[in-house]
Amino acid sequence: MQQRRKSVFASAPFAMKQAALGAGVAARKNGAPLSLAAVVFALFVFATFLYNEDIKSITDFQFSSGAIRAKAPDLHLLQEAEAAAHAAVNTLAMRGEEVIVRVLEAPAAAGALARQGAANTTAAAKANANAVDVVQEKERDVTLPTVTGGGGADEARRRADEEAAEKASSAKAAAATAALRTVVRVPETCDLYRGNWVYDEVNAPVYKEGQCEFLTEQVTCMRNGRRDDSYQKWRWQPTDCDLPRFDARLLLERLRNKRLMFVGDSLNRNQWESMVCLVQSVIPRGKKTLTKFVNGGSSNVFRAHEYNATVEFYWAPFLVESNSDNPKVHSVPDRVIQWHAIAKHARNWVGVDYLVFNTYIWWLNTLDMKVLKGSFDQGSTEYVEVDRPVAYREVLKTWAKWVDRNIDPNKTTVFFMGMSPNHITPEAWDNQGGIKCAMETLPITNRSASLDVGTDWRLYAGAQEVLPTLRRVPVHFVDITALSELRKDAHTSVHTLRQGKLLTPEQQADPKTYADCIHWCLPGLPDTWNQFLYARIASSPWPADA
């Protein structure tokens, strides 16, 4: 910004001003007229100060044909900026990094004029009095060579240390994965289902009721008022070997990018809840979800997101089509099946990696089974009554035929669960005066006589008869019936729901009417059933492409 020109007297030193004016002032004080010499001397001093002030103003401000030129950059500031840039470049180069700087290029004449202007402003102004110079800047990137040695050696060592640490971490992760890809050893000669129940407060249960957020109120017996938890602490011990302890991480590694599905009735749903609780304990919160009543309401799906694995339940209490297939409303008095119709359910089982089937409890409502003549789709209502074991075998034959035709044994492993027993006749375990399974706190132990708690072993025999007939697909029978008959203590009893609501204190006081001696508390017996599944899955060889 152009400064305003100052007065000569404002810019002159004070002493010299006094010397210039002193004579006149003194003369006037004496009343004498000014002599010619005094006047000439005063004018000479005034002209001298005026000349000096003009030279100073011209030095401070550069003019060329009335246009103001850009002020030349301060040399000291340019040197400081250059030194800082060199320091930054050297720092990056010593770290072994490629350095790219952006350079402002100006025409050589402009640079020369800038330097000339810094040395002799007046001469530059005269040389450019008739023209306005336009300096155009151009940008270009210059890659500077990296510096080796010195700090580069330190950087090389640092990078080598980082690479070594990364390799060690990768090796550790690979070792952890390899450890999870082991094969659990189960002797082929060992019968896992022959043994006894052992009280074990150290190793049982595998999880706590309060630690599994996915349990339903139907099975949370302690939360629903049961006072003893001893039913959770009994561990199954095979006679000739050990049942492998459940390892959730190992099973999840087996389930990576796979599906495990339980298909059947509410007992299989009971077992599905158990499996969800067994695996979810090692999955961080936020990386697991459970969605109910999907796929038209027939499926519940638990998803382990990091493993891209699912543990699912599909409602099909008879495996074939029936009038009880609605997963929410299925309490019908007359249960009717269409024993050769399975496709509607079975299309949901295609492509699943592990299938666990069951069907039993819904067969016990009547001695004879009602078999539909015609189909539900056509609105048929007529049926014939068939002896329960006969109808059961026919349904299993329909199921077995579908499995053999549609399951790829190289991809899918198939299990069939044995019958889950009831405990509604306390006389069978010598509890005269007992009411169903109410107030039972111990398993049946040290019994030499045969036990008859009401299991229909004819259906058990029907399964044993049909399963070996499959030609292409092996089916693993999980023989839980006899060992489960000993667990009269493990049912939900009066600590459960009835028609979706918790039993009231008055209802709990009436076990003859309200005790549920079909389903099982969790944690509890179904956890052992899943240990059998785990033993079979974890002991199988890993596929070559896994």
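Take the sequence shown: its position 267, counted from the start at 1, is 267 in the UniProt record's numbering, and no numbers get skipped. The C-beta atom is built at its ideal place from N, Cα and C for all residues, glycine as well.
From the options, residue whose alpha carbon lies closest to that of residue i
i, options, result
"A304", "K287, S448, R393, Y314", "K287"
"K292", "Y392, L180, S484, E273", "E273"
"R223", "D334, A538, L522", "L522"
"I283", "S266, V263, E253", "E253"
"T412", "V352, V478, W399", "V352"
"N268", "A535, N300, V473", "N300"
"V475", "I407, L364, I424, F415", "F415"
"L243", "Y193, M369, E163, H340", "Y193"
"V402", "V473, D368, G454, P541", "The displayed chain sequence assigns Trp, not Val, to residue 402. Residue V473 is the option with its Cα nearest to W402."
"Y314", "N308, E306, C221, N295", "N295"
"E321", "V329, S331, A309, V336", "V336"
"W362", "G433, A400, A153, T455", "T455"
"S331", "L483, V311, S266", "S266"
"Q232", "Y534, E162, E209, V395", "E209"
"R235", "L533, G524, A535, R536", "G524"
"L483", "A168, T528, D161", "T528"
"residue 547", "A248, R158, G152", "Here the chain covers residues 1 to 546 and nothing more, so residue 547 does not appear."
"R465", "S450, R393, R536", "In the sequence on display, residue 465 carries Glu and not Arg. The candidate whose alpha carbon is nearest that of E465 is R393."
"F318", "R256, E312, A391, P333", "A391"
"N410", "W197, D229, S540", "S540"
"A544", "R181, G152, E166", "R181"
Minimum Cβ-Cβ distance from residue i to chain B less than 7 Å
i, result
"N406", "Absent here is chain B; the protein component of the structure consists of one chain."
For residue i, the three-state DSSP class (helix, strand or coil)
i, result
"K501", "strand"
"T492", "strand"
"N446", "coil"
"Y51", "With a pLDDT of only 47 at Y51, under 50, the local geometry of the prediction cannot be trusted, and the value read off the model is given with reservation. Helix."
"T289", "strand"
"T239", "coil"
"N530", "helix"
"K397", "helix"
"residue 563", "Outside the shown range of the chain, which is 1 to 546, sits residue 563, and nothing can be said about it."
"T513", "helix"
"D191", "coil"
"E385", "strand"
"D368", "strand"
"Y207", "coil"
"H330", "coil"
"M222", "coil"
"F354", "Note that residue 354 is Tyr in the sequence shown here, rather than Phe. Here Y354 sits in strand by DSSP."
"A461", "helix"
"A438", "coil"
"P426", "helix"
"A171", "helix"
"N270", "helix"
"L467", "helix"
"I361", "helix"
Classification of residue i by the beta-carbon crowding that lies within 10 angstroms, buried from 16 upward
i, result
"D325", "buried"
"N530", "buried"
"Y207", "buried"
"P526", "buried"
"K488", "buried"
"L250", "buried"
"Q136", "With a pLDDT of only 44 at Q136, under 50, the local geometry of the prediction cannot be trusted, and the value read off the model is given with reservation. The residue is exposed, with fewer than 16 neighbouring Cβ atoms inside 10 Å."
"R115", "The pLDDT assigned to R115 is 46, lower than 50, so where the model puts this residue is not dependable, and the model offers no usable value."
"V329", "exposed"
"T289", "exposed"
"D479", "buried"
"E306", "exposed"
"Q499", "exposed"
"A10", "Only weak support is given to the placement of A10: the predicted model assigns it a pLDDT of 42, under 50, and the value that follows is read from those uncertain coordinates. Result: exposed."
"E166", "exposed"
"Y199", "exposed"
"T310", "buried"
Cross-strand partners of residue i (DSSP beta bridge)
i, result
"R259", "T310"
"V294", "S299"
"W197", "W236"
"S322", "I337"
"G264", "W315"
"W520", "H491"
"F376", "DSSP lists no partner for F376."
"M417", "V478"
"A304", "K288, A309"
Sufficient close CB pairs (3 or more, under 8 Å) joining the stretch 205-214 to the stretch 485-495: no
The stretch 435-449 in contact with the stretch 362-380 per 3-pair CB rule at 8 Å: no
Stretch-stretch touch, CB-based, cutoff 8 Å, three pairs: the stretch 343-360 with the stretch 381-390: no
Meets three-Cβ-pair contact criterion under 8 Å: the stretch 250-267 and the stretch 185-193: no
The stretch 505-514 / the stretch 414-430 touching (three or more Cβ pairs under 8 Å): Short answer: they don't touch.
Cβ contact (3+ pairs, closer than 8 Å) linking the stretch 500-509 and the stretch 458-465: By the Cβ criterion, the stretch 500-509 is not in contact with the stretch 458-465, since fewer than three pairs of Cβ atoms, one from each stretch, lie closer than 8 Å.
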